[in-house]
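Q:
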Amino acid sequence: MSQLLDDRVLSSIGKSAAPQAELVTRRDIRKYAVATGQRLRKFVDGDEAPPLFHIALFWDVVELDELLPDGLSVDPLLPEFPLKRAMAGGWNIHYHRPIVPGDELVMTRTLSNVFEKSGSRGPLIFYELTRDVKTRSGDPVLTEKITRILR
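Counting from 1, one number per residue, gives the positions in the sequence shown under my numbering.
#1: Do Leu150 and Ala56 have their beta-carbon atoms positioned less than 7 Å apart in this structure?
#2: Tell me the residue span of the beta strand (DSSP E) that contains Lys84.
#3: Run through the stretch 18–52 for me and flag every whole beta strand (DSSP E) of 3 or more residues, listed as ranges in chain order.
#4: Taking Val62 as part of the beta strand (DSSP E), name the residues at either end of that continuous run.
#5: DSSP state of Ile55, grouped into three classes?
#6: Report the rounded CA-to-CA distance for Lys117 versus Asp45, giving the unit in angstroms.
#7: Between the stretch 106–115 and the stretch 13–22, can you find at least three pairs of beta-carbon atoms closer than 8 Å?
#8: Rounded to the nearest angstrom, how far is the Cβ of Gly89 from that of Arg148, given a contact under 8 Å?
#9: Go to Asp7, then tell me how far its alpha helix (DSSP H) extends in each direction, as first and last residue.
#10: Have a look at Gln38 and Asp47 and give me their C-alpha separation to the nearest angstrom.
#11: With contact counted as at least three CB pairs below 8 Å, one residue from each stretch, are the stretch 76–86 and the stretch 136–145 in contact?
#12: Whose C-beta lies closer than 7 Å to the C-beta of Lys26 among residues of the same chain, with five residues either side of it excluded?
#13: Tell me whether Gly71 sits in a helix, a strand or coil according to DSSP, three-state version.
#14: Let's test the definition: count the other Cβ atoms within 10 Å of the Cβ of Asp75 and tell me whether it reaches 16, buried, or not, exposed.
#15: Excluding sequence positions up to five away, which residues of its chain have a Cβ less than 7 Å from the Cβ of Val9?
Spelled out as structure tokens, the structure:
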């Protein structure tokens with residue numbers, strides 16, 4: 001294997017970004033439900049957020065010229081990796097309870113793992129981000145692990 005991961009990259013494992021807080025509104029839930037074609041009344045009426053609602057809730061709002069070619073914004077939590085082409089590697093979400101209007105949610109992101117594997121076309125770097133979402137009072141709402149692959 002090529003040993004692409006140096007101490008600088010590996011020392012980033014366990015680092016967390018500053019927590020982000022967002023207020024959930026019935027209108028935001030309704031807009032998301034309509035945009036994603038939800039049919040259940042609890043979603044369309046805004047009584048409960050549909051699955052994946054939290055993702056866009058915590059996205060950075062940036063100017064178009066600040067986006068990367070893949071449409072994402074620069075993530076200051078991530079170290080500079082030696083491989084640049086990113087692919088989705090997996091997503092695991094555990095919901096502890098529904099998201100409802102009035103929730104004040106706080107999300108913390110942590111770079112939870114970085115490792116290298118050898119692929120059929122060369123080396124691959126995997127990194128995992130863990131996102132914990134809780135209410136302002138600390139009650140768990142959801143935990144997710146996102147895996148990205150770089151080649």
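Ideal placement from N, C-alpha and C gives every residue a C-beta, glycine not left out.
A: Quick look at the numbers:
#1: no
#2: Note, Lys84: premise wrong, no beta strand (DSSP E); not H, not E.
#3: 20–23
#4: Element bounds for Val62: n/a, residue is neither H nor E.
#5: helix
#6: 46 Å
#7: yes
#8: 5 Å
#9: Asp7 to Leu10
#10: 13 Å
#11: no
#12: First, the amino acid is wrong: residue 26 is Arg here, not Lys. If we look at Arg26 and ignore the five residues flanking it on each side, its Cβ neighbours are Gly46 and Pro101.
#13: coil
#14: exposed
#15: Cβ neighbours of Val9 beyond the five flanking positions: Pro79, Phe81 and Val114.
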